[in-house]
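Residue numbers (UniProt numbering): 1 to 344.
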């Protein structure tokens, strides 16, 4: 039976034409258009993208139009105040993030072509992480590999995980609630949170307190102290114990939450081991519950899809070895719990 036009196999000429078209497309595509599209999606609009890229709005709009014309696909539905990324746009955005992350890391990877371990390790860190384990690894690693350089950028726990996901950081150290897909999470230590007040608060110095005494107190807390945030255990405790006073101050930074509690704005949760010096010096006073304080795990976050340079890979491995070699009990802060405060 002879082949009909519908059943005939593609000719070698057709395959060659398609391959030539793909090569021409890759050669002629302007990578700056992809970056512009990525920023438009991240900023949720052309005007905000133009502000971020320090460009005029028509320039950004024209770049999006050129990209859509080259691809032959509508990427963003816009008009009359509406802004919606199409299915094609969503697929392209995910590829753009991957491409941008790989390109951004080229200079880091090329620094490491030598026998001695050198290179740069970028760590994204939640605010005021206090961990002897992390400090020991950093000190020992520097002694063994003095040519390696480090940068540590502090941000919210969510932003830390996203920096690792988008390959802007070698690794992250942060609190975790919702895990990002594809990321690897390894618990470094567990910390206990407790409510504290400053010297200006009328509860300061009292040893007869119960949770009921906290219910009408003004509150200071973290922005992530929510049932859907990384401090969910603290939020659950507040809900269960009906600690529902007026919120007078919030921050994403531990030092600023501590500052507001010390200043007497209200009571608030802090990691017990971090503020031990403040308690010992009489600047902060621990509040109930004393026996069952909420626990939060601090994790190391890495991206298996990131091609690490030798310094990054060696530091991540050093962290994993230290975690594995340290008993779980020694990675609980504080241990044992101090219990109810005694009269001075």
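By construction, the Cβ of each residue, glycine as well, lies at the ideal position given by its N, Cα and C atoms.
> Which runs of the alpha helix (DSSP H), 4 residues or longer, sit entirely within the UniProt domain "HTH lysR-type" (29-86)?
Replying inline: 31-43, 46-53, 57-71
> Using the rule of at least 16 other Cβ atoms within 10 Å of the residue's Cβ for burial, across every protein chain shown, is residue 94 buried or exposed?
Replying inline: exposed
> Of the residues 226, 324, 282, 37, which one's Cα is nearest the Cα of residue 85?
Replying inline: 37
>> Closer than 8 angstroms is the cut-off here; do at least three beta carbon pairs connect the segment 268-280 with the segment 152-169?
In response: no
>> If I follow the unbroken beta strand (DSSP E) through residue 315, where does it start and stop?
In response: Segment 310-325 is the alpha helix (DSSP H) holding residue 315; no beta strand (DSSP E) there.
>> My assumption, with CB atoms under 8 angstroms, is that residue 230 sits in contact with residue 176. Please give the rounded CB distance.
In response: 6 angstroms
>> Please report the distance separating the alpha-carbon of residue 194 from that of residue 221.
In response: 12 angstroms
> With 16 other CB atoms within 10 Å as the buried threshold, where does residue 349 fall?
Replying inline: Residue 349 falls outside the range modelled here, since the chain spans only 1 to 344, and no answer is possible.
> Alpha carbon to alpha carbon, how far is residue 43 from residue 173?
Replying inline: 26 angstroms
>> Need the endpoints of the alpha helix (DSSP H) that residue 142 sits in, please.
In response: 132-144
> What residues in its chain sit with their C-beta under 6 angstroms from that of residue 331, if we drop five residues either side in the sequence?
Replying inline: 189
> Can you tell me whether residue 167 is buried or exposed, with buried defined as 16 or more other CB within 10 angstroms of its CB?
Replying inline: buried
> Whose C-beta lies closer than 7 angstroms to the C-beta of residue 124 among residues of the same chain, with five residues either side of it excluded?
Replying inline: 153, 155, 160, 163, 164, 169, 172
> With residue 267 and residue 308 assumed to form a contact (beta carbons below 8 angstroms), what rounded beta-carbon distance in angstroms separates them?
Replying inline: Not a contact, Cβ separation roughly 43 angstroms.
>> So for residue 279, helix, strand or coil by DSSP?
In response: helix
>> For the alpha helix (DSSP H) containing residue 233, name the first residue and the last one.
In response: 232-240
> Alpha carbon to alpha carbon, what distance is there between residue 321 and residue 144?
Replying inline: 15 angstroms
> Which of the three DSSP states, helix, strand or coil, is assigned to residue 198?
Replying inline: strand
> In whole angstroms, what is the alpha-carbon distance linking residue 283 and residue 202?
Replying inline: 13 angstroms
> How close, in whole Å, do the beta carbons of residue 337 and residue 192 come, if the pair is a contact with beta carbons under 8 angstroms?
Replying inline: 7 angstroms
> Does the beta-carbon distance from residue 288 to residue 211 come in below 8 angstroms?
Replying inline: yes
> For residue 261, is the classification buried or exposed, using 16 other Cβ atoms within 10 angstroms of its Cβ as the cut-off for buried?
Replying inline: buried
> Closest by CA to residue 300, which one among 252, 179, 249?
Replying inline: 179
> Do you know how far the Cα of residue 185 is from the Cα of residue 239?
Replying inline: 28 angstroms
>> Suppose contacts are defined by Cβ-Cβ distances below 8 angstroms. Is residue 245 in contact with residue 271 by that definition?
In response: no
> Near residue 150, what residues of its chain come up, given a Cβ to Cβ distance below 7 angstroms and the 5 sequence neighbours on each side ignored?
Replying inline: 121, 123
> Taking the alpha-carbon positions, what's the residue 290 to residue 335 distance?
Replying inline: 13 angstroms
> Which term fits residue 263, buried or exposed, when burial requires 16 or more other beta carbons within 10 angstroms of its beta carbon?
Replying inline: exposed
> Should residue 317 be labelled buried (16 or more other beta-carbon atoms within 10 Å of its own) or exposed?
Replying inline: exposed
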